[in-house]
Amino acid sequence: MDKTYQPQAIESRLYQQWEENGYFAPAGSAATRGEDSAYCIMIPPPNVTGSLHMGHGFQETIMDTLIRYHRMQGYNTLWQPGTDHAGIATQMVVERQLEAASTSRKELGRDKFIEKVWEWKEQSGGTITRQLRRMGASPDWSRERFTMDDGLSNAVQEVFVRLYEEALIYRGTRLVNWDPKLHTAVSDLEVEQEEENGSLWHYKYPLADGSGHLTVATTRPETMLGDMAVAVHPDDERYKSFIGKDIALPLTERTIPVIADDYVDMEFGTGCVKITPAHDFNDYEMGQRHNLPLMNIFTEDATLNDNAPQQYRGMDRFAARKQIVKDLEALDLLEKVEPHKLKVPRGDRTKEVIEPFLTEQWYVDAKTLAKPAIAAVENGDINFVPKQWENTYFAWMRDIQDWCISRQLWWGHRIPAWYDSENTIYVGRSEAEVREKNNLGADIELRQDEDVLDTWFSSALWTFSTLGWPDDTPEQKIFHPSSVLVTGFDIIFFWVARMIMMTLHFKQEVPFHTVYVHGLVRDSHGQKMSKSKGNVLDPIDLIDGIELDPLIEKRTSGMMQPQQKEKITKQTKKEFPDGINAYGTDALRFTYLSLASTGRDIKFDVGRIEGFRNFCNKIWNAARYVLMNSEEFDLSGDNYELSLADRWIISRLQETETAVADAVAQYRFDLASQAIYEFFWNEYCDWYLELSKPVLWAEDASPELQLGTRRTLVRVLEAALRLLHPMMPFITEEIWQRIKGLAGAEGETIMLQAFPCADNSKVDAEAIDAIEWLKRIIIGVRNIRGEMDISPKKHLAVFFKNGSPEDQSRLDDNEPFLKKLANIESITWLNEGDEAPMSATALAGEMEVLVPMAGLIDTEAEKARINKEIDKQGKEVKRLSGKLGNEKFVSNAPTDVVEKEKAKLAEAESALQKLQEQLDKLSAL
RNA sequence: GGGUGGUUAGCUCAGCUGGGAGAGCGACGGCCUUACAAGCCGUAGGUCACAGGUUCGAUCCCUGUACCACCCACCA
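Dropping the structure here:
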């Protein structure tokens, strides 16, 4: 074995073996395993043409850990992989490519364009799944699905048709969020409201009869061309007399009424609001209440249409704004402009300003579907972890709006609706079915709806469409509902809520029992990672490492402003002067898990991953040690004896196994990883391996004891590897393969071994006490050595004073260990009355451990050290005696607490007394 | 405007339904001790954001305040 762990030497080889051997597939049918033993996770399908980012890495690690854990526990385990066609995102990428090639989607035409998208999908579609493999993910790749493949498209169509037939899908004309760049409607969720700096213009609107004017305040002057009224509050004394009068709308030939509506806030602006029902959601509502006509003034590109006065037609909305501001000012109608912060709606993909736009679209009746979906969480059929996300879910679901599902895109599931020349709607699974069902002869021309469905429509069916629905498949019986959904809070509404609605409706069961909601991965300063900030880390770079120059190149490529490029370059040079080391997959996974405490975002600090890379190295070297000391021996016999240390480490292993099981049951991967880390490093390596040396290296040790130690070394390591495998699959497999024979394990892979389960009968309290005793003494001597600057090489002669018979017997049992671990030459037991040399002292309970000072220790230094300890113990005594002197504490606190405090006090008092005596002696010199 | 989460060592975070705080990294001192210098040994760091309250006792429970982050919402 290499002296240092080299992840790149083993990872891809092992992964290939796992995949080729079919270890990722579920093991056994429902008949052989029983349905109860199934465990299933559906992957949140990443964009098919995307690539892995830190959020994926985090999420995949959690899922894979859960999957490997349950697989090892013997569940019939399915991790269902797949990818999403990501309508808008993918179409945008391909359109950009076309643009670069000086053509466009329109030029190409629908069929050719879709062909191009499929080409792009074939070309780049493997990236993310390849990267998932690098993460060590173990989904059943043979079952991989794509939202646009035949089976899933079939499910989408079926769901659409059935919902339409149940009147839960309908077509309606209303204001939608329109993206003028993409030329499509988007749902409310796809609109981000960002606060931006704008202006609030105050304009005079003259009355038609010339008797005066009202002043309206607006952030969007250009929409005034579509104004249909001016509204005031009915109780507003200032404007009561204006209600019912007419306004001569400037720049147009139209007159509009002054209306009263209590939506108007008297305090804001001037208290007069211009009402543009076709271009504002609130105005639309008010228009409905007051029967105002709608006048749309925009085209699909958000340029002004023919409803606008001649001089504005064809102008872009922002150019029109400038022009209208100018024109109104020229008419002397501008009263004032003030700076104003406002929320600007932007498309989450295009960042384009979204325009409320009157169109005909398809909608899902979400209110009806939401009812059972709310109930399922209320009654505990679905549990969120952490629980507070349920409130977020409820709040949204109880006020849910109908879901606009049609998109004016080409890439996606085409809506299965046909129209005749009269625009009658026919919905069906195919044109043929539509014709047959509606008795439409071949002479009647039908055209299919041009639109496609929102990407999330197909994602909403994911848990059952991937298992073969609408066909009745055995997979659905075994694996549905799935066990847990692992996802980010940002898609609770987009995806989780809609999955719950759709699945309950079509399967009459929940899609999953638990929703584990994890936080966002941020950079080490808590900033969101984004290309524009230049702070993005790529999980693959953390695995393979990357030099500084390519890292800078990666972070700055495609940057428009050279200024920004420079800033990012500087920042990157500062943070990663030598680039990023190759840490390997296991270190990365362990880092994610150790940061995964529930309910908060995680800051990813490269310092952390380095620490866990070191942990990998520690494991590697511990294994080297174990192999060196056991490889050439026959460990198979039964003629062995376990030492105290053996029994101790076996006890601690059981306790660690319990801690890990408890933590995983609560999705506390941070606690689980910490428990293993501590066990392996601080106990197995720091103490047990050291304790094994005196046994293995002693000429005169009994063969039984040596065999016992070798067995324990190997077997505890083997169990620890299994315990660790779901978190660190690669290193554990590699080492396991080398030691399985020695440990008496059989099987081809650690992946399919039993996960360790604590056996409390192996917890040996006596051994634990004995090793604690041992550790106290060794640490005491080391402390003196360190504090008094005694060379580690110096063999010490020490004395034990005031020891009990139990101390005596422990000394007899453990002398070689003490000598080896504290580098002690001799231990002299002092009976009462024996003369003790002038010494530095460490306490082990009542017993004093003396390190003679002659020639080694300076009196003043030792006095200072003792004083420090006296100070500490003195404070403790004061605190405890104060507490115990409090009548109320003694009478009110539970007796076991009082007893515990009393014992602590006695111990502190005894220590204090001994230290004081020692100090007196030193002072007398 | 409503809601959620956070505030603990220099940094990143734990702290198990209340018995006066822990880890990793970093810092400091000493070690090339035959598994590991990506290591070993030792040490020093905290009025647990602030103010009240409940309690014999509060980092933990309650109320309020401040700051940070995020989500939702129709203020032109």
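Numbering (the working numbering), first residue to last: 3 to 927.
No residue lacks a Cβ here, since even glycine has one placed at the ideal position from N, Cα and C.
First and last residue of the alpha helix (DSSP H) that includes residue i?
i	result
Leu209	Note, Leu209: premise wrong, no alpha helix (DSSP H); not H, not E.
Phe891	Glu889 to Asn894
His507	Arg500 to Lys509
Asp1	For residue 1 there is no data in the structure shown, the boundaries of the chain being 3 and 927.
DSSP three-state label for residue i, please.
i	result
His72	helix
Asn49	strand
Trp471	coil
Cys759	coil
Trp20	helix
Tyr679	helix
Glu657	helix
Leu924	helix
Met44	strand
Asn78	strand
Gln313	helix
His292	coil
Identify the continuous beta strand (DSSP E) that holds residue i and give its terminal residues.
i	result
Ile826	Ile826 to Trp831
Glu850	Met849 to Pro854
Thr305	Note, Thr305: premise wrong, no beta strand (DSSP E); not H, not E.
Lys803	Leu798 to Lys803
Gln565	Element bounds for Gln565: not the beta strand (DSSP E) but the alpha helix (DSSP H), Pro564 to Glu577.
Ser484	Ser484 to Gly490
Ala846	Ser841 to Ala846
Asn385	Asn385 to Val387
Val429	Ile427 to Val429
Can you tell me which of the options puts its alpha carbon nearest to the alpha carbon of residue i?
i	options	result
Leu202	Glu911, Ala27, Ala895 and Val218	Val218
Glu864	Phe148, Leu917, Met503 and Leu253	Leu917
Val628	Thr861, Glu720 and Ala27	Glu720
Asp2	Thr600, Ala842, Glu549 and Gln810	With the chain running from 3 to 927 in the structure shown, residue 2 is simply not present.
Glu13	Ala769, Ile326 and Gly586	Gly586
Ala280	Lys247, Leu253, Glu224 and Asp267	Glu224
Leu852	Phe891, Leu744, Ile779 and Ala905	Ile779
Tyr265	Ile258, His292 and Phe244	His292
Phe60	Glu392, Thr505, Arg524 and Leu184	Arg524
Asp546	Val512, Gly536 and Ile582	Ile582
Lys572	Leu553, Glu167 and Ala397	Leu553
Asp809	Leu776, Lys822 and Gly835	Leu776
Gly57	Val538, Val879 and Ala760	Val538
Asp285	Tyr166, Lys535, Gly76 and Asp263	Asp263
Gly490	Phe496, His520, Leu463 and Trp497	His520
Ala210	Gln195, Tyr166 and Ala250	Ala250
Thr221	His507, Lys338 and Met855	Lys338
Phe26	Thr272, Arg135, Arg784 and Val119	Arg135
According to DSSP, which residues form a beta bridge with residue i?
i	result
Gly349	Val193
Glu340	Leu202
Trp180	Ala187 and Glu357
Lys530	Arg524
Met297	According to DSSP, Met297 bridges with nothing at all.
Val608	BP columns for Val608 are empty, so no partner.
Ser930	The chain is shown only over 3 to 927; residue 930 falls outside these bounds and no answer can be derived.
His215	Pro208
Cys274	Val234
Tyr172	Tyr365
Skipping 5 residues on each side, what residues in its chain have a beta carbon closer than 7 Å to that of residue i?
i	result
Glu850	Lys803, Asn804, Thr843 and Lys916
Leu886	Val892, Glu903, Lys904 and Leu907
Ala32	Any reading at Ala32 must be qualified, since the residue scores a pLDDT of 45, below 50, and its modelled position is unreliable; the value itself is stated next. Cβ within range, chain order: Pro476, Lys479 and Ile480.
Asp190	Asn179 and Gln403
So, for residue i: in the same chain, excluding its five sequence neighbours on each side, which residues have a beta-carbon less than 8 Å away from its beta-carbon?
i	result
Asn631	Ser694, Leu698, Arg712 and Leu715
Leu595	Thr63, Ile64, Thr67, Phe671, Asp672, Ala674, Ser675 and Met729
Gly749	Lys742 and Gln755
Leu921	Lys865, Ile868, Asn869 and Ile872
Under 7 Å: does the beta carbon of residue i sit that close to some heavy atom of the ligand ATP?
i	result
Asp86	This structure does not include the ligand ATP; it has no bound ligands of any sort.
Short of 6 Å in beta carbon distance, which residues of its chain neighbour residue i, apart from the five on each side in sequence? Order them along the chain.
i	result
Lys567	Thr558 and Met561
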